[in-house]
Amino acid sequence: MFSVFRRVLSGLASRTLESPAILQQHHLKVLSAGMKTYDVPPDYSDVVLLEKPKLKFLNKVPNLKKAKKEMKKLRDIQGPANTANTFRWGQYGILAMGGGYLHWGHMEMIRLTINRRMDSRTTFARWRINAPYKPITRKGLGQRMGGGKGAIDHYVTPVKCGRLIVEVGGHLELGEVESVLKEVAKKLPFPAMVVSRESLAAMQQEQAERETNNQNPWTFERIVRSNMLGIRKVISPFDLHNHGRYTGKFFNPERPRTRLLLHKMKPARGSSRASTRGPKGAGRTGKHLQQKPLPDGESAQDKARKKAPAELRKVKGQEKWKPLDKSSIMILDNMLSLSILSVLTMKSKEKEESQRHLNSLKDQFLAKCSQLPVPPQKHGNLMQVSQQFHTENQKVNQGKKKLEALEESSQVVVSQLEQLQGKMDCLEHECRSMRDKLEEEELNAQKFIQLTEQAVLHLPALPRYPENEPTLQEIIMKVVPDPKAVMKALQKRKVTGNVNAFLELAHKQTDHL
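For what it's worth, the UniProt record's numbering labels the leading residue of the sequence shown as 1, then goes sequentially.
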């Protein structure tokens, strides 16, 4: 019921925004009454739960015989990670999107947050980083400069971009642990994100497709190889090795990687001064290369210009082209004047000279545009474009407000429907329980009816004896010499007492029936 209602609302919203051609692709799925569709539960048959599910405690200080001081080594956090960049045990984890140092406090925060909020019966977690091992030195307050490095203050773990910090796996979905992992990722000293096996593989595949299907000819390889704008003077070996994809410790995913090994190129000269050294052997021999003299007043550039000019490609219907009309030139004038004003506001000195220069450039450009032939087009009045844009923008805002109102009303209706659905479920449960009780009562009634039918005794009729004939008791008493003693002995026995009690109970039961 709710799925049908949501599909109807999504169809109405798309009908207001999308074109009719796209609307034909949306179909309303009609479900039969009373049927509910549920997602197929995931299969965890290939997931193996580890013996120790929780994150282990990491030592604050490494167990070393003698601690040694180290330099900063910023290369430990620069560039891509070559280890722990793929999943090993779990399905979900935290991926570092930049380089940085993890302190012992960060590791304790990760351990306590995950261990307290995970179910150890169905979930496990594993570290993908080492315990703190890199020493950081620090001098105390009030100490003078010099005297070498200070004492070791604490230890950290360097992390590069693309390294997994922690893995989480087990019989669970991403929605169950995503909030916990996001909370941990926000508190790390470098940018990080929550990933799964599928999302990490998709990211790597997308990066590989960018590298192979790059359509931009101005790649980092070409710019560096051609030494455009003298870039080889300022570029570092780190950028050459990583193809300019990392700015310090941060990753730039928009720049595709090239296949050439740029670190093998020879560095350019350190200055723009022409080389004073000639080629090897130039000073040993007295031979000089002589060039052919050119005619007077003619240079090499003039000679190159005298080559056959390239023929201009003719366009079909070019004879019908006409110069730009006044409305288009006025629009260009307005646009250029606005851009000039925006540029002049940023300058604090020499505004008048720059304004004159820009106005002269604008006049020259408009003069050339007035002589430029263009194909005829029915573009209407271009001066009203801004007004039309304003009206369309107002319509879009009104449509957004209507959509927001519809969404609010739909949420109210959905909440009411959910309440009704809850009441219906409660009533169905009560009806089911009453139906079960009724069936039990019917079974008990049938059993009682069967008992009443079984209580009726159908015995054969006793044979008739003459009235004067003595009974069996009288005959036995006549045979026994002392009948009173026999009667007392029989009454004193337990069997006779039990028989009498049984007969009394039988008489009572027959009276009730």
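Glycine is no exception: its CB is placed at the ideal position from the N, C-alpha and C atoms.
{"Asked": "Closest residue to glutamate 70 among Tyr155, Leu472, Leu172 (Cα-Cα distance)", "Found": "Tyr155"}
{"Asked": "Leucine 358 at chain D interface by Cβ criterion, 8 Å", "Found": "Among the chains of the structure shown, chain D does not appear; only one protein chain is present."}
{"Asked": "DSSP beta-bridge partners of residue 515", "Found": "Absent from the model: residue 515. The displayed extent of the chain is 1 to 513, so no value can be given."}
{"Asked": "Contact under 8 Å by Cβ, lysine 134 with threonine 157", "Found": "yes"}
{"Asked": "Selection from Cys369, Lys368, Val343 that minimises the alpha carbon distance to histidine 357", "Found": "Val343"}
{"Asked": "Residue of Asn214, Lys362, Val495 minimising C-alpha distance to serine 339", "Found": "Lys362"}
{"Asked": "Proximity of cysteine 369 and leucine 332 at Cβ, strictly below 8 Å", "Found": "yes"}
{"Asked": "Where the alpha helix (DSSP H) through glycine 497 begins and ends", "Found": "494-512"}
{"Asked": "Reduced DSSP category for threonine 37 - H, G, I as helix; E, B as strand; rest coil", "Found": "coil"}
{"Asked": "Buried/exposed call for glutamate 474, threshold 16 Cβ in 10 Å", "Found": "exposed"}
{"Asked": "Distance between beta carbons of valine 184 and isoleucine 110, contact taken as under 8 Å", "Found": "5 Å"}
{"Asked": "Opening and closing residue of the alpha helix (DSSP H) in which isoleucine 94 lies", "Found": "Careful: isoleucine 94 lies outside any alpha helix (DSSP H), inside the beta strand (DSSP E) at 92-96."}
{"Asked": "Pair within 8 Å by beta-carbon distance, alanine 192 and methionine 107", "Found": "no"}
{"Asked": "Classification of arginine 128 by the beta-carbon crowding that lies within 10 angstroms, buried from 16 upward", "Found": "buried"}
{"Asked": "Alpha helix (DSSP H) segment containing phenylalanine 365, residue limits", "Found": "351-371"}
{"Asked": "Beta-carbon separation (whole angstroms), glutamate 198 vs arginine 88, contact threshold 8 Å", "Found": "Contact doesn't hold; Cβ gap of about 16 Å is too wide."}
{"Asked": "Minimum C-alpha distance to serine 327 - residue among Leu366, Gln355, Ser360", "Found": "Leu366"}
{"Asked": "Range covered by the beta strand (DSSP E) that runs through residue 514", "Found": "What the structure shows of the chain is the stretch from 1 to 513, and residue 514 is not part of that stretch, so it cannot be assessed."}
{"Asked": "Beta-bridge partners of lysine 322, as assigned by DSSP", "Found": "Val374"}
{"Asked": "Beta-bridge partners of phenylalanine 124, as assigned by DSSP", "Found": "Gly169"}
{"Asked": "Chain-order list of residues whose beta-carbon lies under 8 Å from that of proline 323 (same chain, five-residue window excluded)", "Found": "Ser370, Gln371, Leu372, Pro373, Val374"}
{"Asked": "Three-state class that DSSP yields for leucine 460 in the structure shown", "Found": "Sequence inspection shows proline at residue 460; the leucine mentioned does not correspond to that position. Looking at proline 460 - three-state DSSP - the assignment turns out to be coil, as it is neither helix nor strand."}
{"Asked": "Alpha-carbon spacing of glutamine 364 relative to lysine 316, whole angstroms", "Found": "29 Å"}
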